[in-house]
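Count along the sequence shown starting at 1, add 70, and that's the number in the numbering used here.
Positions of the beta carbon are idealized from the N, C-alpha and C atoms, including for glycine.
Fair warning: this is a prediction, and the values are worked out from it, not measured in the lab.
Right, one structure below, let's go through it.
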Amino acid sequence: MEISTTLKKELFGERLNTEKILLYSIYVLSFFVPLIIGKPQLLIGSFINTLIIYSSLKYGFKKSIPVYLLPSIAATSAGLLFEGATFFTVSYAFYNDF
């Protein structure tokens, strides 16, 4: 096997790039951590900011865009931001001009 900058392994007949696996796992973590853990804002915010900084420095702006957006989408959809008023806030944003 040839050694390259990105470690490649063969699994089930397909080559898996570990950098893609790491990037997609960052995407998954940035979406599911606010949903699963939720409440201690300081802990969740610190973890998400760490993911944002790491992905921005390692992968650049374009590949990090989902990491910027997914935590906000997850928190809004779970109702963590405005609790019971999340539905009304989101519907107001879609149907009215700011």
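Listed in chain order, the non-local C-beta contacts of residue 134 below 6 angstroms within the same chain comprise 125 and 126, local neighbours out to five positions each way being set aside. Taking C-beta atoms as the reference points, residue 129 and residue 93 count as a pair closer than 8 angstroms. Put simply, of 108, 117, 109 and 107 the residue whose alpha carbon is nearest the alpha carbon of residue 96 is 117.
Contact between residue 99 and residue 121 is confirmed by a C-beta separation of about 6 angstroms, below the 8 angstroms threshold. Taking residue 136 as the centre and dropping the five residues before and after it, the same chain places the C-beta of 97 and 100 closer than 8 angstroms to its C-beta, in chain order.
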